[in-house]
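In what follows, a single structure is set out as structure tokens and then discussed.
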Amino acid sequence: MKAFKARYPERIICLTEETTELLYLLGEQDRIVGISGFTVRPAQARREKPKVSAFTSARYERILDLKPDLVIGFSDLQADIAAELIRHGVNVLVMNQRSVAQILDMILTLSSMVGAAERGQALVATYTARLSAIQARVLACLQAHPQVARPRVYFEEWDEPMISGIRWVSELVEIAGGQDCFAELGRMPLGKDRIIADPQRVINADPQIIIGSWCGKKFRPDKVAARAGWQRIDAVRQGRLHEIKSANILQPGPAALSDGLEQLHRIMLDYYDEASTGAASVS
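Residue numbers (this note's numbering): 5 to 287.
Laid out in structure tokens, this is it:
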């Protein structure tokens with residue numbers, strides 16, 4: 005009688021960066037046999053793993069040659085890649101995490117799929133503790149300086165057309181201590197639904213902080229400040245225009261919950277320091 009033995013996926017291809025970084029954090033990087041060409045985190049992955057895809061295109065022959073037993077993608081933007089691989093008999097998992105809670109869920113799901121459930125749970129516990137600690141620090145700042153309110157924040161994911169931040173970014177802005185000017189757009193899962201066609205909407209919102217993360221393209225504060233009428237915006241007048249690299253905030257995985265959140269929080273704390281000092285000098 006033939007014996008059968010169940011096993012976890014041993015040859016995984018990650019079509020986006022967040023699952024690659026997560027597998028490295030779990031100590032399961034040896035399972036990875038291919039990654040996205042846009043991967044920059046961790047740097048080690050870019051040096052040692054074959055690059056088999058962009059974001060919306062893939063080298064199918066190369067992927068099939070690597071004989072993966074699981075390919076992991078992200079969102080509707082990779083639906084065509086997933087469908088083509090499925091037609092070739094490949095096991096494909098497409099994640100669709102759009103919120104902070106869903107990112108944490110993704111960590112639990114993927115860690116379980118590779119036999120690292122306890123390490124995944126520990127990682128989630130670390131992130132949730134940090135989220136709670138930052139929220140508590142923000143509350144303490146606001147209580148210590150009741151005359152200072154959460155700053156209005158405009159997060160720009162792309163400039164032409166102007167696209168505001170996706171849901172997890174919007175939520176992290178709030179957790180870090182800000183108030184997303186376009187939180188209602190953040191709940192829209194598709195970029196086309198977050199386009200701000202009329203720049204006057206941003207002028208009317210009068211953000212006190214502008215953060216750019218132009219999806220792999222360098223953020224240009226001077227270009228933003230030169231937009232017609234934007235000289236009236238408080239953030240522009242006060243020079244509060246900041247960049248967070250897309251690899252640190254637009255990746256729906258570990259980066260956003262660590263470096264991305266930390267950078268957002270530092271920006272908010274700097275604003276609180278400035279606002280509280282100004283309020284004290286006025287009084």
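Every residue, glycine too, gets a C-beta built ideally from N, C-alpha and C. All values derive from a computational prediction rather than experimental measurement.
Residue i beta carbon near the ligand MG (any heavy atom closer than 7 Å)
| i | result |
| --- | --- |
| isoleucine 138 | Among the components modelled here there is no ligand, and therefore nothing to report on the ligand MG. |
Rounded C-alpha distance that separates residue i from residue j
| i | j | result |
| --- | --- | --- |
| isoleucine 271 | glutamine 82 | 33 Å |
| arginine 102 | valine 173 | 9 Å |
| alanine 187 | alanine 209 | 12 Å |
| glycine 190 | phenylalanine 59 | 21 Å |
| glycine 243 | valine 157 | 13 Å |
| alanine 144 | alanine 129 | 22 Å |
| leucine 194 | glutamine 183 | 21 Å |
| isoleucine 170 | lysine 6 | 50 Å |
| valine 206 | proline 150 | 26 Å |
| alanine 251 | alanine 148 | 34 Å |
| alanine 10 | isoleucine 36 | 19 Å |
| aspartate 3 | aspartate 34 | Not covered by the structure: residue 3. The range shown for the chain is 5 to 287. |
| aspartate 109 | serine 116 | 11 Å |
| threonine 43 | histidine 269 | 25 Å |
| alanine 259 | glutamate 175 | 15 Å |
| serine 2 | aspartate 73 | Given a span of 5 to 287 for the chain in the structure shown, any question on residue 2 remains unanswerable. |
| valine 177 | isoleucine 90 | 37 Å |
| glutamine 106 | threonine 20 | 16 Å |
| tryptophan 218 | aspartate 197 | 17 Å |
| leucine 1 | cysteine 185 | Here the chain covers residues 5 to 287 and nothing more, so residue 1 does not appear. |
| glutamine 235 | alanine 229 | 6 Å |
| proline 211 | arginine 154 | 11 Å |
| alanine 120 | leucine 127 | 11 Å |
| threonine 132 | isoleucine 237 | 34 Å |
| serine 168 | glycine 220 | 15 Å |
| proline 165 | glutamine 267 | 25 Å |
| aspartate 163 | serine 61 | 23 Å |
| lysine 138 | phenylalanine 8 | The sequence given here has isoleucine at residue 138, not lysine. Going by the C-alpha atoms only, they are around 48 Å apart. |
Other residues of its chain near residue i: CB distance less than 6 Å, five sequence neighbours each side excluded
| i | result |
| --- | --- |
| glutamine 63 | Contrary to the premise, residue 63 reads as arginine rather than glutamine in this sequence. Hits under 6 Å: Val56. |
| glycine 216 | Glu160, Phe223, Glu247 |
| valine 94 | Val75 |
| aspartate 274 | none |
| asparagine 100 | Ser79 |
| aspartate 263 | Asn252 |
| glycine 38 | Ile17, Pro54, Val56, Leu70 |
| valine 142 | Gly181 |
| arginine 66 | Val56 |
First through last residue of the alpha helix (DSSP H) which encompasses residue i
| i | result |
| --- | --- |
| glycine 181 | Looking at the DSSP string, glycine 181 is not in any alpha helix (DSSP H), and its letter there is neither H nor E. |
| isoleucine 67 | 64-69 |
| leucine 207 | At residue 207 the sequence reads isoleucine, which differs from the leucine that was named. Isoleucine 207 -> alpha helix (DSSP H) spans 204-209. |
| glycine 31 | Looking at the DSSP string, glycine 31 is not in any alpha helix (DSSP H), and its letter there is neither H nor E. |
| glycine 195 | Element bounds for glycine 195: n/a, residue is neither H nor E. |
| alanine 49 | 47-52 |
Continuous beta strand (DSSP E) stretch holding residue i: start and end
| i | result |
| --- | --- |
| glycine 93 | No beta strand (DSSP E) contains glycine 93, which DSSP labels as neither H nor E. |
| isoleucine 76 | 74-78 |
| isoleucine 36 | 36-40 |
| glycine 190 | Per DSSP, glycine 190 belongs to no beta strand (DSSP E); it is in the alpha helix (DSSP H), 187-190. |
| lysine 55 | 55-57 |
| isoleucine 16 | 16-18 |
| isoleucine 170 | Neither: isoleucine 170 is in no beta strand (DSSP E) and is coded neither H nor E. |
| isoleucine 213 | 213-216 |
Residues near residue i by beta carbon distance below 8 Å, same chain, minus five either side
| i | result |
| --- | --- |
| leucine 135 | Val104, Ile179, Leu261, Leu265 |
| alanine 86 | Val75, Gly77, Val96, Val98 |
| valine 286 | At valine 286, the pLDDT of 44 sits below 50, so the modelled position is not reliable; the number obtained from the coordinates is stated separately. Around valine 286: no qualifying Cβ. |
| valine 118 | Tyr12, Pro13, Ile16, Leu27, Leu30, Glu32, Arg35 |
| arginine 231 | Pro203 |
| arginine 241 | Gln235 |
Nearest-angstrom beta carbon gap, residue j and residue i [assumed within contact, 8 Å]
| i | j | result |
| --- | --- | --- |
| proline 256 | glutamate 22 | 6 Å |
| glutamate 25 | arginine 45 | 5 Å |
| alanine 239 | isoleucine 213 | 5 Å |
| glutamine 125 | leucine 114 | With 8 Å as the limit, glutamine 125 and leucine 114 do not qualify as a contact, their Cβ atoms being about 12 Å apart. |
7 Å Cβ shell around residue i - same chain, five flanking residues per side excluded
| i | result |
| --- | --- |
| leucine 68 | His92 |
| alanine 279 | Val152 |
| glutamate 88 | Tyr64 |
Output the residue ranges of the beta strand (DSSP E) runs that lie fully inside the stretch 101-158 and measure 3 residues or longer, sorted by chain position. none
Report the residue ranges of all beta strand (DSSP E) runs contained in full by the stretch 220-276; include only those spanning at least 3 residues, in chain order. 245-247
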